[in-house]
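**Student:** Supplied in structure tokens, the structure appears directly below.
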Amino acid sequence: MIIAATVLETAHGKFRVSTHGVEGSPERCLTMSQGDLSEPGTVIRLHSSCIFGEALLACDCDCGPQLATAMQEVNRRGSGAIVYLYQEGRGAGLDLKIEGMERQRLRGINSYQAYDSLGLPRDLRDYSLAGEALNDLGVAKAVTVMSNNPTKLKALEELGYTIQSQFALSYEVSQRAYDYLLMKQVEGDHSLDFGKINFVG
Ligand SMILES: [Zn+2]
9 MIIAATVLET AHGKFRVSTH GVEGSPERCL TMSQGDLSEP GTVIRLHSSC
59 IFGEALLACD CDCGPQLATA MQEVNRRGSG AIVYLYQEGR GAGLDLKIEG
109 MERQRLRGIN SYQAYDSLGL PRDLRDYSLA GEALNDLGVA KAVTVMSNNP
159 TKLKALEELG YTIQSQFALS YEVSQRAYDY LLMKQVEGDH SLDFGKINFV
209 G
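Counting from 9, one number per residue, gives the positions in the sequence shown under our numbering.
Structure (structure tokens):
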């Protein structure tokens, strides 16, 4: 059910925002949406929170640009919804995410290997609250998904949605930012998926 709702003006457009939850549970997720969501093929994204990438502009992931691009895409179309799920560290929480990051830093391993070494499943995310939120918003059962994550696509299908189409988000960086990111990849231990970044001169 919708717990609270308002309208938010952002750098990426004006969105309806609301929190969603289920009776008797303090757990919440947030949605940002625009326009009519009942049309089949409406665009959606299930976005997992990443305070480092989104708020602190960390350079070792693309969560911030992904969220910004998803908001821009909804705004460009004039309709769509982003479900923002509090799933730090693929659902492990911020404490374990940071412990994993420290193991990555000290041992030169990737985040999946770090989770293995902590005895954690590689992905602990649960999408039931996303289903609640999509239902609250009256989103059509046939959707277009902004994601190339097969786990999220499967979760949506299990929630009763048909994936009409899906696409990976891409985003652009300036020459200066591109050079900076490339330098950090070469000189530092930052990993970036350049395949998803469109260079603009
Ligand atoms: Zn991130």
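We put the beta carbon where it would ideally sit given N, CA and C, even for glycine.
Taking the CB atoms as reference points, tell me whether residue 151 and residue 175 lie closer together than 9 Å.
**Tutor:** Here residue 151 refers to the residue found at position 143 when the sequence shown is read from its first residue. Here residue 175 refers to the residue found at position 167 when the sequence shown is read from its first residue. Contact: no.
**Student:** Please determine if the region 161-171 and the region 112-122 are in contact, where contact requires at least 3 C-beta pairs separated by less than 8 Å.
**Tutor:** No contact exists between the region 161-171 and the region 112-122.
**Student:** For my contact list, residue 131 and residue 99 are in at a C-beta cut-off of 8 Å; report their separation, rounded to the angstrom.
**Tutor:** Looking up residue 131 in the sequence shown gives position 123. Looking up residue 99 in the sequence shown gives position 91. Going by Cβ atoms, the distance from residue 131 to residue 99 rounds to 7 Å, so yes, they are a contact pair.
**Student:** For residue 29, which of 44, 83, 11, 108 has the nearest alpha-carbon?
**Tutor:** Within the sequence shown, residue 29 is the residue found at index 21, counting from 1. Cα-wise, what sits closest to residue 29 is 11.
**Student:** Looking only at its chain, what residues have a beta carbon closer than 7 Å to the beta carbon of residue 106, apart from the 5 residues adjacent to it on each side?
**Tutor:** The residue given as residue 106 occupies position 98 in the sequence shown. Nothing listed; no residue qualifies.
**Student:** Please state whether the Cβ-Cβ distance between residue 40 and residue 25 is less than 9 Å.
**Tutor:** Locating residue 40 in the sequence shown gives position 32, where the first residue counts as 1. Locating residue 25 in the sequence shown gives position 17, where the first residue counts as 1. The answer is yes: Cβ separation under 9 Å.
**Student:** Considering only DSSP beta bridges, list what residue 20 is partnered with.
**Tutor:** Counting from 1 along the sequence shown, the entry for residue 20 is found at position 12. BP columns for residue 20 are empty, so no partner.
**Student:** May I ask which residues mark the beginning and end of the beta strand (DSSP E) holding residue 90?
**Tutor:** In the sequence shown, the residue the question calls residue 90 occupies position 82. Taken as a continuous stretch (DSSP letters only), the beta strand (DSSP E) holding residue 90 covers 88-93.
**Student:** What separation, rounded to the nearest whole angstrom, lies between the Cα atoms of residue 134 and residue 52?
**Tutor:** Taking the first residue of the sequence shown as position 1, residue 134 is located at position 126. Taking the first residue of the sequence shown as position 1, residue 52 is located at position 44. So the alpha carbons of these two residues sit roughly 17 Å apart.
**Student:** From the DSSP secondary-structure annotation, give me the bridge partner or partners of residue 53.
**Tutor:** Stepping through the sequence shown from its first residue, residue 53 is reached at position 45. Paired residues: 90.
**Student:** According to the Cβ coordinates, are residue 71 and residue 62 closer than 9 Å?
**Tutor:** The residue labelled residue 71 in the question sits at position 63 within the sequence shown. The residue labelled residue 62 in the question sits at position 54 within the sequence shown. Their beta carbons are under 9 Å apart, which means residue 71 touches residue 62 by this criterion.
**Student:** Using CA atoms only, rank isn't needed, just tell me which of 19, 158, 148 is closest to residue 88.
**Tutor:** Your numbering for residue 88 matches position 80 in the sequence shown. Looking at the Cα atoms, 148 is the closest of the given residues.
**Student:** Compute every distance between the C-beta of residue 66 and the non-hydrogen atoms of ligand 1, then say whether any falls below 8 Å.
**Tutor:** If you number the sequence shown from 1, residue 66 lands on position 58. Yes - ligand 1 has a heavy atom lying nearer than 8 Å to the Cβ of residue 66.
**Student:** Mind checking whether the beta-carbon of residue 101 lies closer than 8 Å to any heavy atom of ligand 1?
**Tutor:** Position 93 of the sequence shown, counted from the first residue, corresponds to residue 101. Outside the cutoff, so no.
**Student:** Taking a cut-off of 5 Å, which residues have a beta-carbon closer than that to any heavy atom of ligand 1, in chain order?
**Tutor:** Taking each Cβ in turn, the ones that pass are 58, 61, 69, 71.
**Student:** Exposed or buried, which one is residue 140 when buried takes at least 16 other CB atoms within 10 Å?
**Tutor:** On the sequence shown, residue 140 is found 132 positions in, with the first residue counted as 1. It is buried - the Cβ of residue 140 has at least 16 other Cβ atoms within 10 Å.
**Student:** Does DSSP put residue 169 in a helix, in a strand, or in coil?
**Tutor:** Looking up residue 169 in the sequence shown gives position 161. Residue 169: coil per DSSP, three-state reduction.
**Student:** Can you check which of these residues, 19, 137, 179, 144, is closest to residue 37 by C-alpha distance?
**Tutor:** Here residue 37 corresponds to residue number 29 of the sequence shown, with the count starting at 1. Among 19, 137, 179, 144, the Cα nearest to that of residue 37 is on 137.
**Student:** Excluding the 5 residues flanking residue 74 on each side, which residues of the same chain have their C-beta closer than 6 Å to its C-beta?
**Tutor:** As a first step, residue 74 must be located in the sequence shown, where it is residue number 66. These residues qualify, in order along the chain: 177.
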